[in-house]
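K.L.:
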Amino acid sequence: MPRLPEGEIRALVSRTFRAAKMQADMADDAAEMLVLAEMMGIRTHGLARVPAYVARLRDGGANPDAVPIIHTPAPALRHVDGQNGLGAAVAIRATRAAIEAARDVGMGAAFCRASTHLGALAPQLLCAADAGVAAIFTTNTSPMIAPQGGNRAVIGNTPLGIALPDPSGQHVILDIAMSVAARSKVRQAAAKGAPIPDTWATDADGIPTTDAAAAMKGLMQAIGGGKGANLALCLDLLAGGLSGAAMLSEVPNANLDTSATANVGHMFIVIDAAKLIPPDILGTRINDARTLMRNSAVPGIETNPPRLPGARALASLASARQEGIKIAPDLLDSLTALADDA
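In the numbering used here, the protein residues as written are 5 to 346.
#1: With a 10 Å radius around its C-beta and 16 neighbouring C-beta atoms as the bar for buried, classify Ile159 as buried or exposed.
#2: For the beta strand (DSSP E) containing Asp85, list its first residue and its last residue.
#3: So, with DSSP's three-state summary, where would you put Leu312?
#4: Taking a contact to mean a Cβ-Cβ separation below 9 Å, would you say Leu164 touches Leu235 in this structure?
#5: In chain order, which continuous runs of the alpha helix (DSSP H) of length 4 or greater are located wholly inside the region 161–218?
#6: What residues in its chain sit with their C-beta under 8 Å from that of Ala208, if we drop five residues either side in the sequence?
#7: Does DSSP put Pro283 in a helix, a strand or coil?
#8: When you compare the region 243–250 with the region 102–121, are there three or more beta-carbon pairs, one atom per stretch, that lie closer than 8 Å?
#9: If you measure between the beta carbons of Gly86 and Ala70, is that distance less than 9 Å?
#10: On the criterion of 16 or more Cβ atoms from any shown chain inside 10 Å, does Val302 qualify as buried, or is it exposed?
#11: Measuring only the C-alpha atoms, how far is Met271 from Cys131?
#12: Is it buried or exposed, Leu312, if we count other Cβ atoms within 10 angstroms and call 16 or more buried?
#13: Can the beta-carbon of Gly136 be found less than 9 Å from the beta-carbon of Ala315?
#14: Closest to Ala332 by C-alpha separation, out of Thr340, Leu321 and Gln326, would be which residue?
#15: Would you call Asp33 buried or exposed, if buried means 16 or more other Cβ atoms sit within 10 Å of its Cβ?
#16: Among the residues of its own chain, which have a CB less than 6 Å from the CB of Ile166, if the five just before and after it don't count?
#17: How about the region 52–60 and the region 17–28: do they share at least three Cβ pairs that are nearer than 8 Å?
#18: Assuming Leu40 contacts Leu51 under a Cβ cut-off of 8 Å, what Cβ separation, rounded to an integer in Å, is found between them?
#19: To which residues does DSSP link Met26 through a beta bridge?
#20: For my contact list, Ala138 and Pro169 are in at a C-beta cut-off of 8 Å; report their separation, rounded to the angstrom.
#21: In this structure, how does DSSP classify Lys231 when only helix, strand and coil are distinguished?
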């Protein structure tokens, strides 16, 4: 696969969104977040998402004219109306607003309504950590998990993101969904006709399955069973319930209906870490934690050693910035065609 520099790929993705009549600065923000996801190794939520997002912009599921409206109901709070814009662009603007609040009062929180699918939290977490703030992020999604004791999808695969800033740039970044595996992995397996582990999902009757195609008609399995389902539920209530967005099964599946108004909710909480602890001391403490993790490795086993969350993503990011971003020729052709379709 060819490798292209970050700037060239970002410009191409931004042109693609602008060709779909998206506001120029929003297109730039969305492109930045999606390219970051790609470079961090989160390819299921990176460049591969662009064609689907363009379809939503053109079919009415996302608003190309959106410019988020940010209200300040209290010194530490920002309430963001995303105007049904692309989630990646809405999210980074809300993150910046939360950071601005934290600079003034030590902590900041932005709650977003009227947004669309966000995807990976890691790019926003990286931006927060680069700004020197710790972060706790979440967003709701269309339902794909049954509640404990239930037999139909009511709860979204609500992710949890946590970041701690390290002045060396080796931040701690955790971005996990509440399902055993991401639904995008099931979708990829179904497209290839490949099997999946029976712990990932169920079929339409609620029976665990290794058939990815059957799993796409069924439910995702939550980590920890009922505990994971309830954690996803409560995160959804924070992101959707407090913001005034849709919640739980109110959130439509935009993959099935690209014209549906999703009204997705996000929550971004940040802490100005320097107001609690000097950055160099925090960096030392994070490095101490890194050492403790390494020292827990099983003797004689060198593959996949213990590490702090985010180490692999940051290594992937550094490699992509040095060597360029790998992109499949068919995806590159698709993006180029969309960018030229003004």
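Glycine is no exception: its CB is placed at the ideal position from the N, C-alpha and C atoms.
P.N.:
Let me spell this out:
#1: buried
#2: Leu81 to Gly89
#3: coil
#4: yes
#5: 187–196
#6: Ala218, Lys221 and Gly222
#7: Helix, per DSSP.
#8: yes
#9: yes
#10: Around the beta carbon of Val302, fewer than 16 other beta carbons sit within 10 angstroms, so the residue counts as exposed.
#11: Straight-line measurement puts the Cα of Cys131 at about 15 Å from the Cα of Met271.
#12: Residue environment for Leu312: buried (at least 16 other C-beta atoms within 10 angstroms of its C-beta).
#13: no
#14: It is Thr340.
#15: The residue is buried, with at least 16 neighbouring Cβ atoms inside 10 Å.
#16: Ile140 and Leu178
#17: Result yes; three or more Cβ-Cβ pairs closer than 8 Å.
#18: Contact flag wrong, Cβ pair sits at about 11 Å.
#19: Bridge partners of Met26: none, in fact.
#20: 6 Å
#21: When secondary structure is reduced to three states using DSSP, Lys231 falls in the helix class.
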